[in-house]
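Structure, as structure tokens:
Protein chains: 2
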Amino acid sequence: MERITIIGLGLIGGSLGLALKQAKLSNIEIVGHDKEPTASSKARKRGAIDKTEWSILRSVDKASMVIIATPVLTIKEVFKQIAEVLPPGAIVTDTGSTKTQVMEWAEELLPPSVSFIGGHPMAGKESSGIDAASAEIFQGCTYCLIPSANAAPKAVQTVVGLADTVGAKPFFVDPVEHDSLVAAVSHLPIILSSSLVAATTASPGWREMSRLAATGFRDITRLASGDPIMNRDICLTNRDGLVRWIDEYIVELKRYRALVAEGGQELEKEFIRVWEARAKWLNQAKIPREAEGAPVVEIPKASEQMGNLLFGEKLARRGEEIMKNIEKREQDKP
Amino acid sequence: MERITIIGLGLIGGSLGLALKQAKLSNIEIVGHDKEPTASSKARKRGAIDKTEWSILRSVDKASMVIIATPVLTIKEVFKQIAEVLPPGAIVTDTGSTKTQVMEWAEELLPPSVSFIGGHPMAGKESSGIDAASAEIFQGCTYCLIPSANAAPKAVQTVVGLADTVGAKPFFVDPVEHDSLVAAVSHLPIILSSSLVAATTASPGWREMSRLAATGFRDITRLASGDPIMNRDICLTNRDGLVRWIDEYIVELKRYRALVAEGGQELEKEFIRVWEARAKWLNQAKIPREAEGAPVVEIPKASEQMGNLLFGEKLARRGEEIMKNIEKREQDKP
Numbered sequence: 002m003e004r005i006t007i008i009g010l011g012l013i014g015g016s017l018g019l020a021l022k023q024a025k026l027s028n029i030e031i032v033g034h035d036k037e038p039t040a041s042s043k044a045r046k047r048g049a050i051d052k053t054e055w056s057i058l059r060s061v062d063k064a065s066m067v068i069i070a071t072p073v074l075t076i077k078e079v080f081k082q083i084a085e086v087l088p089p090g091a092i093v094t095d096t097g098s099t100k101t102q103v104m105e106w107a108e109e110l111l112p113p114s115v116s117f118i119g120g121h122p123m124a125g126k127e128s129s130g131i132d133a134a135s136a137e138i139f140q141g142c143t144y145c146l147i148p149s150a151n152a153a154p155k156a157v158q159t160v161v162g163l164a165d166t167v168g169a170k171p172f173f174v175d176p177v178e179h180d181s182l183v184a185a186v187s188h189l190p191i192i193l194s195s196s197l198v199a200a201t202t203a204s205p206g207w208r209e210m211s212r213l214a215a216t217g218f219r220d221i222t223r224l225a226s227g228d229p230i231m232n233r234d235i236c237l238t239n240r241d242g243l244v245r246w247i248d249e250y251i252v253e254l255k256r257y258r259a260l261v262a263e264g265g266q267e268l269e270k271e272f273i274r275v276w277e278a279r280a281k282w283l284n285q286a287k288i289p290r291e292a293e294g295a296p297v298v299e300i301p302k303a304s305e306q307m308g309n310l311l312f313g314e315k316l317a318r319r320g321e322e323i324m325k326n327i328e329k330r331e332q333d334k335p
Numbered sequence: 002m003e004r005i006t007i008i009g010l011g012l013i014g015g016s017l018g019l020a021l022k023q024a025k026l027s028n029i030e031i032v033g034h035d036k037e038p039t040a041s042s043k044a045r046k047r048g049a050i051d052k053t054e055w056s057i058l059r060s061v062d063k064a065s066m067v068i069i070a071t072p073v074l075t076i077k078e079v080f081k082q083i084a085e086v087l088p089p090g091a092i093v094t095d096t097g098s099t100k101t102q103v104m105e106w107a108e109e110l111l112p113p114s115v116s117f118i119g120g121h122p123m124a125g126k127e128s129s130g131i132d133a134a135s136a137e138i139f140q141g142c143t144y145c146l147i148p149s150a151n152a153a154p155k156a157v158q159t160v161v162g163l164a165d166t167v168g169a170k171p172f173f174v175d176p177v178e179h180d181s182l183v184a185a186v187s188h189l190p191i192i193l194s195s196s197l198v199a200a201t202t203a204s205p206g207w208r209e210m211s212r213l214a215a216t217g218f219r220d221i222t223r224l225a226s227g228d229p230i231m232n233r234d235i236c237l238t239n240r241d242g243l244v245r246w247i248d249e250y251i252v253e254l255k256r257y258r259a260l261v262a263e264g265g266q267e268l269e270k271e272f273i274r275v276w277e278a279r280a281k282w283l284n285q286a287k288i289p290r291e292a293e294g295a296p297v298v299e300i301p302k303a304s305e306q307m308g309n310l311l312f313g314e315k316l317a318r319r320g321e322e323i324m325k326n327i328e329k330r331e332q333d334k335p
């Protein structure tokens with residue numbers, strides 16, 4: 002029996018548990034820990050974990066894999082707490098929204114005897130917490146993976162298997178590049194949603210406005226309903242990238258302001274252009290993303306690690322197959 | 002047999018037809034006209050209209066009510082085209098996203114023998130066009146109504162009945178106030194969505210970014226997929242209000258930029274504040290909005306128009322009941 006420990010049983014941690022349980026891997030036991038006992042017991046009742054463990058130290062006891070699914074700043078605290086008691090050879094991964102600082106903390110705080118692979122499934126929902134968890138949220142989503150320098154190849158392969166098992170597409174990326182990309186498509190949107198809610202609800206006209214606000218307003222402000230602590234941690238750990246994107250965005254918004262003020266043909270061209278750009282993106286996003294490009298950082302050769310797999314055979318076998326495909330695409334490159 | 006003519010068979014015109022047909026009003030025939038013959042024939046096939054009429058002039062022949070559901074600038078052209086042939090006593094309404102200019106055009110171009118009541122159902126969808134039409138999109142939505150100065154009370158009552166029949170909540174509002182309110186909660190969001198798509202897709206990193214863009218990005222950019230002509234017309238007819246709101250928004254966004262750059266406790270408080278504000282709005286939006294306040298402009302007394310109703314009895318009777326309630330609330334005011 003191999004043990005997977007999930008620390009942090011919110012939307013992502015709970016959903017990972019549900020998706021892993023749904024895959025019916027043999028010989029896997031999922032232990033869950035959350036600082037809120039209510040979240041732990043709900044996660045067990047919903048079948049996201051096999052058992053709860055109130056002590057974070059005991060929760061990682063004998064664990065083959067530890068998944069940390071807390072807000073980003075908490076990951077550092079968890080590293081500090083569990084570093085001493087992690088079983089040698091354990092695989093540690095996280096689901097934090099920013100990666101540069103997480104990789105630095107892992108390097109600084111975790112023992113060299115464990116393999117850390119940073120992770121970030123690009124999945125989310127309007128609601129947060131264990132009540133919103135669902136096995137389905139990872140279906141087809143990109144799952145960013147960032148192996149630390151000393152991660153064992155078989156550990157990387159196992160985390161690839163984890164991503165695939167929950168229905169996601171593993172995507173290797175450099176941590177600095179990751180943070181720069183998500184600053185634009187994930188963190189800037191949080192700021193835009195939140196500041197729109199702030200600007201409108203603080204307006205003297207909000208009482209009347211709120212009656213006319215409809216589905217468009219609901220959708221564009223959805224990200225303002227994200228977990229406030231998670232959002233704060235994202236801003237604090239991706240500060241420079243985010244500030245740079247806010248500045249770029251203000252330049253673009255001023256260009257739009259000028260187009261509106263001029264009121265000419267350019268405005269129509271602009272709306273057609275963004276209509277097309279988004280349609281193209283939506284269309285491409287349906288294509289399995291794994292097939293669209295090669296991994297950004299070098300990953301271990303699948304052939305180096307055929308045997309000696311850690312996990313329940315299904316998880317590891319799928320990881321192996323996927324890495325063979327990635328490797329093959331690399332070789333096929335002109 | 003009373004005739005309702007719908008000019009413009011896109012998302013809103015098509016959906017109004019479907020919702021009216023679903024209400025199974027007796028003695029009502031719905032005639033549809035669209036400059037695109039494909040839209041007309043699709044609307045008939047989908048059962049949104051009883052028959053199509055290729056000539057816009059013939060389409061309003063013998064019509065008791067004409068609903069104009071085109072982009073805003075086209076409404077002016079339609080007014081010009083049909084003004085001469087509108088049957089005396091006809092009710093004319095529209096569904097345009099801005100109202101000040103539409104009311105001015107109606108005053109200027111329509112004959113005094115017809116009753117114009119400006120309308121704006123606060124309903125929408127990601128997709129546009131007749132294919133996306135659905136009888137359900139008006140359920141519970143606020144339906145703004147703006148009677149022109151010379152609109153007959155019974156005509157106002159009938160349009161109230163129309164809004165109610167399709168499942169919407171009639172809401173009387175002054176045109177200038179309407180445009181100012183929707184500038185904030187409807188038109189500014191279109192600009193924010195579109196400029197975000199413009200800023201990201203024009204970035205050199207877009208190819209990689211697009212793989213990480215997920216459901217949050219999809220939702221915040223939804224409005225960039227609105228009909229480009231409709232969006233252009235909105236900007237052209239609500240220019241001052243929209244420019245003012247873009248300016249207010251940039252101030253707010255710069256405040257957020259400072260909070261991110263500082264990275265302190267204020268950021269957390271801010272995220273909590275907008276989380277709460279949006280939760281409160283979502284919660285209130287579920288309450289039937291009709292009950293939340295009194296109409297903004299004076300409306301005709303229901304008692305003045307008990308008899309002599311134009312339309313299929315259901316439409317008019319519901320309009321009458323609703324206006325009695327509105328009138329009663331006015332009287333009950335301290």
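Protein chains in written order, with my numbering: chain S, 2 to 335; chain H, 2 to 335. Here a beta-carbon is modelled for each residue, glycine too, at the ideal position from N, C-alpha and C.
- Between the alpha carbons of Glu-271 of chain S and Gly-264 of chain S lies a distance of about 12 Å.
- Neighbours of Met-210 of chain S across chain H, judged by C-beta separation under 8 Å: Leu-182, Ala-185, Val-186.
- If you compare the alpha carbons of H:Ala-259, H:Ala-49, H:Lys-325, H:Ala-84 with that of Ser-116 of chain H, the shortest gap goes to H:Ala-84.
- The DSSP-derived three-state label of Lys-25 of chain S is coil.
- For Ser-194 of chain S, the enclosing alpha helix (DSSP H) has its first and last residue at 189 to 202.
- Identification of residues in the segment 245 to 257 of chain S having a C-beta nearer than 9 Å to some C-beta of chain H yields Trp-246, Ile-247, Asp-248, Glu-249, Tyr-250, Ile-251, Val-252, Glu-253, Leu-254, Lys-255, Arg-256, Tyr-257, given in sequence order.
- The three-state reading of DSSP puts Thr-143 of chain H in strand, counting E and B together.
- DSSP places Arg-4 of chain S in the uninterrupted beta strand (DSSP E) bounded by 3 to 8.
- Bounds of the beta strand (DSSP E) holding Gly-119 of chain S are 116 to 122.
- Beta-bridge analysis with DSSP links Pro-72 of chain S to no other residue.
- In this structure the segment 125 to 139 of chain H lies against the segment 37 to 49 of chain H, because at least three pairs of beta carbons, one per stretch, are closer than 8 Å.
- The CB of Gly-125 of chain H comes closer than 9 Å to the CB of Ala-215, Thr-216, Gly-217 in chain S, given here in chain order.
- In the structure shown, Asp-95 of chain H adopts extended strand secondary structure according to DSSP, grouped into three states.
- The residue among S:Asp-95, S:Thr-201, S:Val-61 with its C-alpha nearest the C-alpha of Val-32 of chain S is S:Val-61.
- In this structure, Ala-134 of chain H places its C-beta atom within 7 Å of the C-beta atom of Gly-15 of chain H.
- Going by DSSP, Lys-46 of chain H is part of the alpha helix (DSSP H) stretching over 38 to 46.
- In this structure, DSSP gives Thr-53 of chain S an extended state, which the three-state scheme calls strand.
- When only Cα atoms are considered, His-188 of chain H and Arg-274 of chain S end up about 18 Å apart.
- Rounded to whole angstroms, the separation of the alpha carbons of Ser-195 of chain H and Phe-218 of chain H is 12 Å.
- Straight-line measurement puts the Cα of Ile-235 of chain S at about 12 Å from the Cα of Thr-71 of chain S.
- Proximity to Tyr-257 of chain H across S:Met-104, S:Asp-248, S:Tyr-257 peaks at S:Asp-248, based on C-alpha coordinates.
- Taking 7 Å as the Cβ-Cβ cut-off, the segment 190 to 207 of chain S approaches chain H at Pro-190, Ile-192, Leu-193, Ser-194, Ser-195, Ser-196, Leu-197, Val-198, Ala-199, Ala-200, Thr-201, Thr-202, Ser-204, Gly-206, given in chain order.
- Taking CB atoms only, Thr-143 of chain S has a neighbour in chain H less than 7 Å away.
- Excluding the 5 residues flanking it on each side, Ile-221 of chain S has same chain C-beta neighbours closer than 7 Å at Ser-194, Leu-197, in chain order.
- Restricting attention to H:Leu-87, H:Pro-229, H:Lys-63, H:Phe-139, the CA atom closest to the CA of Gln-266 of chain S is found in H:Pro-229.
- Excluding sequence positions up to five before and after Glu-30 of chain H, its CB lies within less than 8 Å of the CB of Met-2, Glu-3, Arg-4, Ile-5, Asp-51, Lys-52, all in the same chain and listed in chain order.
- Distance from the CA of Leu-146 of chain H to the CA of Val-174 of chain H, rounded to the nearest whole angstrom, comes to 6 Å.
- Against chain S, a Cβ distance below 8 Å from Gln-285 of chain H picks out Ser-211.
- Distance check between Glu-78 of chain H and each of H:Ala-64, H:Leu-58, H:Ala-203, H:Ala-259 places H:Leu-58 closest, using alpha-carbon atoms only.
- Comparing alpha-carbon positions, the option among S:Gln-285, S:Ala-259, S:Asn-232 lying closest to Leu-260 of chain H turns out to be S:Asn-232.
- When S:Ala-203, S:Val-160, S:Met-210, S:Ser-211 are compared, the shortest CA-CA separation from Ile-323 of chain S is found for S:Val-160.
- Not a single C-beta of chain H is nearer than 7 Å to the C-beta of Asn-239 of chain S.
- Taking the Cα of Glu-137 of chain S as reference, the smallest distance to any Cα among S:Ala-24, S:Glu-253, S:Ile-192, S:Trp-282 is reached at S:Ala-24.
- For Trp-106 of chain H, no CB of chain S lies under 7 Å from its own CB, so it is not counted at the interface with that chain.
- In this chain, Lys-155 of chain H is not harboured by any beta strand (DSSP E); it is covered by the alpha helix (DSSP H) spanning 154 to 166.
- If you draw a straight line from the Cα of Ala-164 of chain S to the Cα of Ser-226 of chain H, it comes to about 31 Å.
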